[in-house]
Amino acid sequence: GVALVEEGVFLRKNNITTPILVLGPLSQHQITDFIINNLDVTVPSLEKAQAISREAVRLERHAHIHIKIDTGMGRIGMQWNRNVIETIKNIVALPNLKLEGIFSHFACADSDVSITKEQLSRFSHIVDECKQFIEKPFLAHIANSAGLISFPEARFDMVRPGIALYGYNPVPASSITLEPVLRLMSRVAYFKVLEAGNPISYGHTYRTSQTTRVVTVPIGYADGYSRCFSNKAPIIIRGNTYTVSGTVCMDQLMVDIGPEGTAYNGDDVLLFGVKNNDMVPLETLCTIAGTIPYELLCRISSRVPRIYVNE
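Just remember that this note's numbering sits 5 ahead of the position in the sequence shown, which is counted from 1.
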């Protein structure tokens, strides 16, 4: 699954042939791209289904669809209690549409059992009703990472883990153990000695307290390393933990490593994750930023090289 049609098209152009469900909203001008690239479409309403059907007929192709039900998220999808069964009947009767699945999404699976069970009950009822008049098998799916961990009965035919694939558990109280699969690293790019009282970076939010050694690391908020980490976030160089010194810049940050600190150009810098015996928990950065692991992981921009290792 992907969020955007453009992501699905990119995968098709790179020879990915397995089914791809685009989970995000559908715009009218994108319907042709969905169909000619054989992408599964999220259908949130009868009107969207009709538009897709018309274009599929025109192209003499079949469109593969997953019908989205809003069982309590308040996002895209047809309301679970507004003639949803009749609407689904009308959708599956349209020409050139092939139903692949019916799905929904949990809103509070990591925090509220009662709300999640209510959503699950609504979805289960709709799926059971649909099986009475839809002859061909279809995929029912609702479980995100928290849902599949905490509610085994929500796994149905397919699950949609997100944060769990990165090795982060959205339900810390659960017994399941996950290991993070990535770390964010950079390298020392510059070294200098500064006298006591020397300001560092924009706004002079940091001043050296003594003659000290300062290194520059070529990563910044344009790479997804937030300005809110300025003067707060831990980083590790040569096994020693330091704190970002001064304001994080667009492309660089500075670190005061002290008068006795050792660092050389090209030395590894660990910004979060685990390497050998060194660790900067992503959760620590989340606490500083007042956010969740999902957001910090998604912020890592496309200009940061992805290096795949076998460890």
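Note that the Cβ used here is the ideal one computed from N, Cα and C, for glycine as well.
Item	Value
Neighbour-count burial assignment, P264, 16 or more Cβ in a 10 Å radius	exposed
From L170, F277 and K73, residue whose alpha carbon lies closest to that of F234	F277
Extent of the continuous beta strand (DSSP E) run through T76	No beta strand (DSSP E) holds T76; DSSP gives it neither H nor E.
Reference P49, options P24, R59 and T76, closest by Cα	T76
Distance between beta carbons of L28 and A68, contact taken as under 8 Å	So it is not a contact: roughly 16 Å between Cβ atoms.
Assigned secondary structure, L183 (DSSP; H/G/I helix, E/B strand, else coil)	coil
Coil, strand or helix - Q215 by DSSP	coil
Backbone CA spacing between N236 and A227 [nearest angstrom]	18 Å
Outcome for Q137 when other beta-carbon atoms lying within 10 angstroms are tallied against a minimum of 16	exposed
Rounded C-alpha distance that separates P185 from Q35	35 Å
N- and C-terminal bounds of the beta strand (DSSP E) containing V118	Taken as a continuous stretch (DSSP letters only), V118 belongs to no beta strand (DSSP E), being part of the alpha helix (DSSP H) at V118 to C135.
Stretch-stretch touch, CB-based, cutoff 8 Å, three pairs: the segment 162-180 with the segment 208-226	no
Contact check, I147 vs F128, beta carbons under 8 Å	yes
CB-CB length for I93 against I72, believed under 8 Å	6 Å
Cα-Cα separation between Y269 and Y207, rounded to whole angstroms	24 Å
Through-space distance from R59 to K53, alpha-carbon basis	10 Å
Alpha carbon of C303 to alpha carbon of N281, nearest angstrom	24 Å
DSSP state of D256 mapped onto helix, strand, coil	coil
Nearest neighbour of S180, chosen from A151, R188 and T23 [CA to CA]	A151
Cβ pair I40, V97 closer than 8 Å	no
N95, DSSP secondary structure in three states	helix
Supposed close pair T121, F156 - CB separation, criterion 8 Å	6 Å
Nearest-angstrom beta carbon gap, T213 and G229 [assumed within contact, 8 Å]	Incorrect: roughly 28 Å between the Cβ atoms, too far for contact.
Integer-rounded CB distance, given that A159 should sit under 8 Å from L125	5 Å
Boundaries of the beta strand (DSSP E) in which I312 is found, first to last residue	Segment: none, I312 is in no beta strand (DSSP E) and carries neither H nor E.
Own chain, CB closer than 7 Å to V164, minus 5 neighbours either side, in chain order	H146, A148 and L153
Three-state secondary structure (DSSP) of K53	helix
Beta carbon of S250 nearer than 8 Å to that of A294	no
Cutoff 7 Å; reference D283; Cβ partners in own chain excluding five residues on either side	I241, G244 and L275
Burial state of L217 (16 or more Cβ within 10 Å)	It is Thr, not Leu, that sits at residue 217 in the sequence shown. The residue is buried, with at least 16 neighbouring Cβ atoms inside 10 Å.
G13 classed as buried or exposed, judged by whether at least 16 other C-beta atoms fall within 10 angstroms	buried
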